[in-house]
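Residue 3 is where the sequence shown starts when you use our numbering, and the numbers rise one by one after that.
Glycine is no exception: its CB is placed at the ideal position from the N, C-alpha and C atoms.
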Amino acid sequence: MSSRRDFLQKISLSAMALPLLPVSDALNLEDIYDKPYDGPVLRVAIMGLGSYGTRVAEAMQSSKKAKLVGVISGTPSKVKEWQTKYNIPAKNSYNYDNFDRIKSNKDIDAVYVITPNALHHDQVIRVAKAGKHVICEKPLALNAKEGQEMVDACKQANVKLLVGYRMHFEPKTLEVIRMRNAGEFGKISFFQGLCGFRIGDPTQWRLNKELAGGGSLMDIGIYALNGSRYMVGEEPVWVTAQETKTDPQKFKEGVDETIMFQLGFPSGAVASCLSTYNMNNLDRFFLNGEKGYAEMQPSTGYGPIKGRTHKGELTQPHMTHQTVQMDEMADIILNGKKPVVPVDGEEGVRDLKVMDAIYEAVKTGNKVALK
Ligand code: NAD
């Protein structure tokens, strides 16, 4: 308790000195975690009770504004287990065939889709048609066209669509963004994002093009891509990219093992990024400006995130990313709160447009212009 108080004090003290966007306001951490909360609660069903779904469910137990109330799964034994563990009533439990019936369930506001990438498109559209808000894991879809169809379907159904970009609520990340907005790094010239890990089991869906849609870029390189955009604070205008493959058995056609990509921004800033399924110890961001820098390592893992700038260590404390994410997303959905970095469907599509261009650049060897 006292360490949480300490951290909240630390965070609000540092926020008091901030000329722009105070992090505590942006995150409402004190409101959420230090005061009793009796406002509206977003009632969420998780679709896909796998490893990340389990992590989100656990983290949501500490959320004040979001509550796990339902499940959608194809595995009856998991449904039973979750019903017992999280006190989920049978009437809020669905499978992949019957979840359209969620439409008539007044006790569920939103569905969090946490299934393999290739399933997101159809599942999100079905949830939207059932009239429920949707949170969808990254990547939102396999390409920008699919992503746009999801955005359009949610608009048409008058429901919100958010993407599970948990880093957009991470305090050290937000502090670097605040510093950049305040001009503390001067003109930004360069960003480096290195994201990867050595993937194991060759039979998993992440290495199956049908379910994954691609390889490391879809799964982990997206952090470097998305990070380039929120760290530089601009939208890229061109892309170049190269692929290397050391194990074509494991990484079959259409499943990228390692991709290096470079992005150019309107201001002249450039980004150089690495996405890989074949190297460990790669979770690093570096942002360079004419007056200073920020470096973060780890930069996008589950944390604690560590980092420093030319002014010293980043001291914003760690909180479980998915807990803060769910509280903030509840606020966005229920109260129209505007996050510092967008997490809406359009934000997901922006990443997918760049991703499409990266794959095109790999294929053609050309520099690809982005509109
Ligand atoms: P996982 O394999 O652990 O879980 C996937 C779940 O989907 C399983 O419960 C599985 O039974 C279910 N499923 C439904 N239909 C399926 C089908 N046809 N084939 C295979 N599985 C099917 O995967 P995960 O690690 O939980 O990843 C799920 C999603 O979450 C992915 O889109 C991934 O990119 C995303 N993810 C995000 C983060 C993050 O930090 N934001 C971290 C991990 C995963």
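Indicate whether residue 296 and residue 181 have their beta-carbon atoms separated by less than 9 Å. A distance below 9 Å separates the beta carbons of residue 296 and residue 181.
Candidates 198, 327, 247, of which the one nearest residue 342 by Cα: 327 is the residue among 198, 327, 247 whose C-alpha sits nearest the C-alpha of residue 342.
Cβ-Cβ distance between residue 167 and residue 350 below 9 Å: Result yes, Cβ atoms of residue 167 and residue 350 sit closer than 9 Å.
Mind checking residue 330: buried by the 16 CB within 10 Å criterion, or exposed? Residue 330 is buried by the Cβ-count criterion.
Note down the Cα distance separating residue 194 from residue 271, rounded to an integer number of angstroms. Rounded to the nearest whole angstrom, the CA to CA distance from residue 194 to residue 271 is 11 Å.
Would you decide whether residue 177 is buried or exposed? Buried here means 16 or more other CB atoms lie within 10 Å of its CB. Flag for residue 177 reads buried.
Can you give the Cα-Cα distance for residue 360 and residue 224, rounded to whole angstroms? Roughly 11 Å separates the two Cα atoms.
Since residue 64 and residue 322 are thought to touch, with beta carbons under 8 Å apart, how far apart are those beta carbons, to the nearest angstrom? Approximately 7 Å separates the beta-carbon atoms of residue 64 and residue 322; this is inside 8 Å, confirming the contact.
Which residues bound the alpha helix (DSSP H) around residue 225? Its alpha helix (DSSP H) spans residues 224-234.
Does the beta-carbon of residue 53, which I'm using as the reference point, lie nearer than 8 Å to any heavy atom of the ligand NAD? For residue 53, the distance from the CB to the nearest heavy atom of the ligand NAD is below 8 Å.
Start-end ranges of the beta strand (DSSP E) lying completely within the region 115-139, minimum 3 residues: Secondary structure in the region 115-139: the beta strand (DSSP E) runs of 3 residues or longer, each lying completely within the stretch, are 135-138 in chain order.
Using 10 angstroms around the beta-carbon of residue 304, count the other beta-carbons present and answer buried if the total reaches 16, otherwise exposed. Burial call: exposed.
What residue does the beta strand (DSSP E) around residue 195 start on, and which one ends it? 190-198 is the span of the beta strand (DSSP E), which, as asked, contains residue 195.
Report all residues from its chain with a CB closer than 7 Å to the CB of residue 300; omit the five preceding and five following residues, and keep chain order. So the qualifying residues of the chain are 285, 307, 308.
For my contact list, residue 134 and residue 113 are in at a C-beta cut-off of 8 Å; report their separation, rounded to the angstrom. Confirmed, about 5 Å.
Whole angstroms are fine: how far does the CA of residue 141 sit from the CA of residue 222? Looking at the two C-alpha atoms, the distance is approximately 9 Å.
I'd like the list of long-range same chain contacts for residue 45, defined as Cβ closer than 7 Å, with 5 residues on each side in sequence excluded. Here the set comprises 69, 71, 109, 110, 111.
Residue 311 versus residue 357 - alpha carbon distance: One C-alpha to the other measures close to 29 Å.
With DSSP as the reference, please indicate the residues paired to residue 70 in a beta bridge. For residue 70, which the question treats as bridged, DSSP gives the partners 46.
Using the three-state DSSP reduction, which class does residue 143 fall into: helix, strand or coil? In the structure shown, residue 143 falls within a coil segment according to DSSP collapsed to helix, strand and coil.
Residue 163 vs residue 346 beta-carbon contact at 9 Å: In contact: residue 163 and residue 346 (Cβ atoms closer than 9 Å).
Taking 8 Å as the limit between beta carbons, can you name the residues of its chain near residue 94, skipping five residues before and five after? Only residues of its own chain outside the window of five on either side were considered, and among them 47, 71, 72, 73, 107, 109, 110 have a CB closer than 8 Å to the CB of residue 94, listed in chain order.
Measure the beta-carbon distance from residue 209 to residue 201 and round it to whole angstroms, keeping in mind my assumption that it falls under 8 Å. Yes, they are in contact, since the Cβ atoms of residue 209 and residue 201 sit about 7 Å apart, within 8 Å.
Evaluate the contact criterion for the region 260-277 versus the region 181-192: three or more CB pairs, one atom per stretch, below 8 Å. Yes, they touch.
Cβ-based neighbour list, residue 4, same chain, cut-off 7 Å, excluding 5 preceding and 5 following: In this predicted model, residue 4 has a pLDDT of only 37, less than 50, meaning its place in the structure is not dependable; the value taken from the coordinates is given anyway. Excluding sequence neighbours, residue 4 sits near nothing in its chain.
Taking the DSSP output, what are the residues bridged to residue 244? Paired residue(s): 262.
Residue 103 classed as buried or exposed, judged by whether at least 16 other C-beta atoms fall within 10 angstroms: In this structure residue 103 is exposed. Its beta-carbon is surrounded by fewer than 16 other beta-carbon atoms within 10 angstroms.
With respect to 8 Å, is the separation between the Cβ of residue 88 and the closest non-hydrogen atom of the ligand NAD below this value? The answer is no for residue 88.
Residue 207: beta carbon under 8 Å from a heavy atom of the ligand NAD? Yes.
Looking at the unbroken beta strand (DSSP E) that takes in residue 60, where does it start and where does it end? That residue, residue 60, is in no beta strand (DSSP E); its alpha helix (DSSP H) goes 53-62.
Quick one: using the 10 Å Cβ neighbour count with 16 as the cut-off for buried, is residue 229 buried or exposed? Residue 229 is buried by the Cβ-count criterion.
For residue 255, report the span of its alpha helix (DSSP H) as first-last. Premise fails: residue 255 is in no alpha helix (DSSP H) and is neither H nor E.
Alpha carbon to alpha carbon, how far is residue 366 from residue 255? Rounded to the nearest angstrom, the gap between the Cα atoms of residue 366 and residue 255 is 16 Å.
Which one or two residues does DSSP pair with residue 77 in a beta bridge? Beta-bridge annotation (DSSP): residue 77 is not paired with any residue.
Count the other CB atoms within 10 Å of the CB of residue 7; is the residue buried (16 or more) or exposed (fewer)? Reliability of the predicted coordinates at residue 7 is poor, the pLDDT of 40 falling under 50, and the value obtained from them is presented with this limitation in mind. The residue is exposed, with fewer than 16 neighbouring Cβ atoms inside 10 Å.
Grab me the residues of residue 237's own chain with a C-beta within less than 8 Å of its C-beta, minus the 5 sequence neighbours each way, in chain order. Excluding sequence neighbours, residue 237 sits near 231, 267, 268, 352, 372.
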